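Residue numbers (our numbering), protein chains in the order written: chain P, 1 to 324; chain A, 1001 to 1248. Heads up: the structure comes next, in structure tokens.
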Amino acid sequence: MSTLLTYVAISDGKIKRSSLEVLSHCKSIADAGGFSCEAVIIDENASTFTDDVQKYGASKIYTVSGDAFSQHQNGSLLKALVKVNEAVNPALVAFASTESTKDVLGALAAQLKAGVVADVSSFNFDGNNVSAQRPMMAAKIMGNVDVTGNPILVSVRSGSYDLNENPTTAEVVSLDVSVDSDDLRATLREIISATGDTIDLNEADAIVAAGRGVKDEEAKNLISELASVLNAGIGASRALTESGVYDPSLQIGQTGKVVSPQLYIAVGISGAIQHVAGMANSKVIVAINKDADAPIFEVADYGIVGDLYKVLPPFIEEIKKIKN
Amino acid sequence: MVPDVYAPFQIKDGELLMDGDRMVLNAYDASAVEEALVLTEKYGGDVEVICIGAAKASETIRKALAMGAAKGYHVQTNGDESYDSSSYAQILADFLKSKEYDVLSFGKQSQDTDSGLTGGMVAQLLNLPYATNAVGLEIEDGNLIVKRQGDTGQEMIALPTPCLVTCSNDMNEPRIPNLKGIMASKRKPVESIAVADMDLDAAALEAVSKVTSYSPVPARAAGQKFEGEPEEIASKVAQLLDTEANVL
Ligand SMILES: Cc1cc2nc3c(=O)[nH]c(=O)nc-3n(C[C@H](O)[C@H](O)[C@H](O)COP(=O)(O)OP(=O)(O)OC[C@H]3O[C@@H](n4cnc5c(N)ncnc54)[C@H](O)[C@@H]3O)c2cc1C
Ligand SMILES: Nc1ncnc2c1ncn2[C@@H]1O[C@H](COP(=O)(O)O)[C@@H](O)[C@H]1O
């Protein structure tokens, strides 16, 4: 029986929701096709997450633990994934697309001589091949892709699938992987943590995103206030991460993160294709821009044409009223 | 070299129709070239560029030479192969295995496909230490110091050379070649070799992923646009988010 293995990513001591979305989808493919749905957790404290992972239907959970996995390093993750592949011999390995998985996907595919497709928005597996859809040309079109190989590696954009609980009792198998300096090859000297907002944009239900129109402290304060009223994460366009106004990890778009919250409010963002590529799958999009012809209005469900300094204060007030 | 994402296109019966001549230097590769130039201007050394592609690729190579690279390699294809990242990685690794270098600098992804796989593949095939998604590079005691944009913060990573790095466009603003650079680029050497003449097994170049057809991105339903008194339209939209969109 073919095995579909989902890599469940841990970030900041928490399971990445997007990897449970992928696991939920693998479970449904496995049920439909008669495959085995399994999961792997690679983290300093991998075993503490197995209870939460088995809620999503993995019949077997592999854990790889140890100090070597306390921080992301491509050498250790790569070695662990190669070892897990040897032990499990899966037909398919599915990942949520994150910077950490992007960091190892190509190398892993080369090492395993595997088939690979990155950043898909949907996929299926027929027992031999993967068929997938992935946005291309700055997300202006969809490519329908066929992938062959054994195994086949697939990474999936966050928000592509719903979480679907499917509780089982999983068999937990712990695998030993030792990592030495030959595996690491590089030295991680320091991690400069992102400043400010701690809401994971991939998991936020609402995002307030600021663009070049947000020019000064007054505007930044309005953005913060709106975000706090909505319990939203703050995102930014490249114009503002590049100039250092917001932390680089908040960039949304082709270079930055791809997000799909329930509510996305773009403030002072023109709507360049590279920005839209990262947010067009949001459920409801609101745009606030003083230029009535700004392209962001083409993707907005609700467009407010106006100066953000004049629009945001009454907008925040009204939302506060509704929330109370 | 990638198709210009701003070029007009059409999808007809699953086929993508666009002007095949509108090819540009991949933005992420432009950043890779720029940073390599900055580092060699500071520490010495030469920048050489390589592009695998049909005849058009020579223009992309000229562009990098005009920016300041010293030499180009053009690995020629017919242009009708259905290569993917894994095919290109095989060719690059084979080409590079006999070359000497300190740093191999890649774009973090191709602007048209966003695959982001080739760099890591080549690193593995050549058994090189590597880092992806670099937003800053420095050299220190013979190590390449990479500032990498990770999921939640920036990682400072020291790579012994030779090594490989993939670059984000958040690293720099690539220079626009000036007239002098463009003139000089015409005299710079470009070595050409055809993939067919390389000692490569055709099966190893087979794409593992093939685009079988293209579809339009599902269109979003037309939205509503509000113009007028800021106070009025702001509270109107807030109410609609509550009563109509149900997202508050
Ligand atoms: C390969 C590549 C990758 C890229 N990746 C990304 C990415 O990941 N993310 C990203 O964001 N960009 C990305 N870009 C850059 C992108 O092309 C745009 O340059 C960028 O998104 C512009 O940011 P902006 O909309 O904030 O600024 P601008 O385009 O300058 O727009 C500012 C907007 O604010 C409005 N405005 C100004 N003042 C006010 C006011 N007082 N009230 C209301 N509205 C106001 C203006 O009307 C204007 O529409 C990428 C580019 C390339 C080439
Ligand atoms: N045909 C090619 N010639 C030279 N470099 C390439 C080629 N294809 C991919 N690359 C390099 O690999 C990077 C990532 O490619 P991709 O896997 O297509 O996203 C690019 O930014 C380039 O640096």
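Just so it is clear, CB atoms sit at the ideal spot from N, CA and C, and this is done for glycine as well. Since the model is a prediction, treat every value here as computed from it, not as a measurement.
{"Asked": "Contact list for the region 110-122 of chain P against chain A, Cβ threshold 7 Å", "Found": "ALA110, GLN111, GLY115, VAL116, VAL117, ALA118 and ASP119"}
{"Asked": "Interfacial residues, the region 281-308 of chain P to chain A, with Cβ spacing under 8 Å", "Found": "LYS283, VAL284, ILE285, VAL286, ALA292, PHE297, VAL299, ALA300, ASP301, TYR302, GLY303, ILE304, VAL305, GLY306 and ASP307"}
{"Asked": "Local Cβ density within 10 Å of ILE1050(A), reported as buried at 16 or more and exposed below that", "Found": "buried"}
{"Asked": "Closer than 9 Å to chain A by CB, ARG17(P)", "Found": "no"}
{"Asked": "Check whether TYR56(P) and ASN164(P) have beta carbons under 9 Å apart", "Found": "yes"}
{"Asked": "Inside the region 1083-1132 of chain A only - beta strand (DSSP E) runs reaching at least 3 residues", "Found": "1103-1107"}
{"Asked": "ASN74(P) versus ARG1187(A), TYR1073(A) and ASN1133(A), residue with shortest Cα-Cα distance", "Found": "ASN1133(A)"}
{"Asked": "Closer than 8 Å: LYS140(P) CB and nearest ligand 2 heavy atom", "Found": "no"}
{"Asked": "Nearest-angstrom Cα separation, counted from GLY159(P) out to ILE15(P)", "Found": "15 Å"}
{"Asked": "Among ALA96(P), ILE152(P), HIS275(P) and THR63(P), nearest to GLU298(P) - alpha-carbon criterion", "Found": "HIS275(P)"}
{"Asked": "Cβ pair MET1121(A), ALA109(P) closer than 9 Å", "Found": "yes"}
{"Asked": "Exposure label - PRO1008(A); buried when at least 16 CB within 10 Å", "Found": "exposed"}
{"Asked": "Contacts of PRO1216(A) in chain P (Cβ-Cβ under 8 Å)", "Found": "ILE141 and MET142"}
{"Asked": "CB contact flag (ILE296(P), ILE269(P), <9 Å)", "Found": "yes"}
{"Asked": "Straight-line gap, GLN111(P) to PRO1160(A) (C-alpha atoms, nearest Å)", "Found": "21 Å"}
{"Asked": "Element boundaries [beta strand (DSSP E), containing PHE125(P)]", "Found": "122-125"}
{"Asked": "Beta carbon of ALA80(P) nearer than 9 Å to that of VAL179(P)", "Found": "yes"}
{"Asked": "Length of the line joining the Cα atoms of ILE42(P) and ILE61(P)", "Found": "11 Å"}
{"Asked": "Reduced DSSP secondary structure (H/G/I, E/B, other) of GLY1068(A)", "Found": "coil"}
{"Asked": "Span separating the alpha-carbon of LEU308(P) from that of GLU318(P)", "Found": "15 Å"}
{"Asked": "Secondary structure of MET137(P), DSSP reduced to three states", "Found": "coil"}
{"Asked": "Cross-chain neighbours of LEU1016(A) in chain P, by beta carbon under 8 Å", "Found": "ILE141"}
{"Asked": "Any 3 or more C-beta pairs closer than 8 Å across the region 205-219 of chain P and the region 90-108 of chain P", "Found": "no"}
{"Asked": "Chain-ordered list of residues that sit, by beta carbon, closer than 6 Å to a heavy atom of ligand 2", "Found": "ASN1026(A), TYR1028(A), ASP1029(A), ILE1050(A), CYS1051(A), ILE1052(A), GLY1053(A), SER1085(A), TYR1088(A), PHE1106(A), GLY1107(A), GLN1109(A), SER1110(A), THR1113(A), SER1115(A), GLY1116(A), LEU1117(A), THR1118(A) and GLY1119(A)"}
{"Asked": "Cβ separation of ALA39(P) and VAL8(P), assumed to be a contact under 8 Å, to the nearest whole Å", "Found": "5 Å"}
{"Asked": "Beta-bridge pairing of SER70(P) - partner residues as DSSP gives them", "Found": "According to DSSP, SER70(P) bridges with nothing at all."}
{"Asked": "CB contact check: VAL311(P) to chain A, cutoff 9 Å", "Found": "yes"}
{"Asked": "LEU312(P) vs ALA219(P) beta-carbon contact at 9 Å", "Found": "yes"}
{"Asked": "Cβ-heavy atom distance, ASN202(P) to ligand 3, below 8 Å", "Found": "Annotation note on ligand 3: not contained in the displayed structure, which lists ligand 1 and ligand 2 as its ligands."}
{"Asked": "Residues near GLN54(P) by beta carbon distance below 8 Å, same chain, minus five either side", "Found": "ILE61, PRO167, THR168, THR169 and ALA170"}
{"Asked": "Under 9 Å between C-beta atoms of GLY106(P) and GLN1090(A)", "Found": "no"}
{"Asked": "Closer than 8 Å at the beta carbon, the chain P residues around LEU1240(A)", "Found": "TYR302"}
{"Asked": "Where GLN54(P) falls: helix, strand or coil (DSSP)", "Found": "helix"}
{"Asked": "Beta-carbon gap between MET1171(A) and GLU1034(A) smaller than 9 Å", "Found": "yes"}
{"Asked": "C-alpha gap between LEU222(P) and ASP52(P), whole angstroms", "Found": "37 Å"}
{"Asked": "CA-to-CA distance, LEU77(P) to ASP183(P), given in whole angstroms", "Found": "10 Å"}
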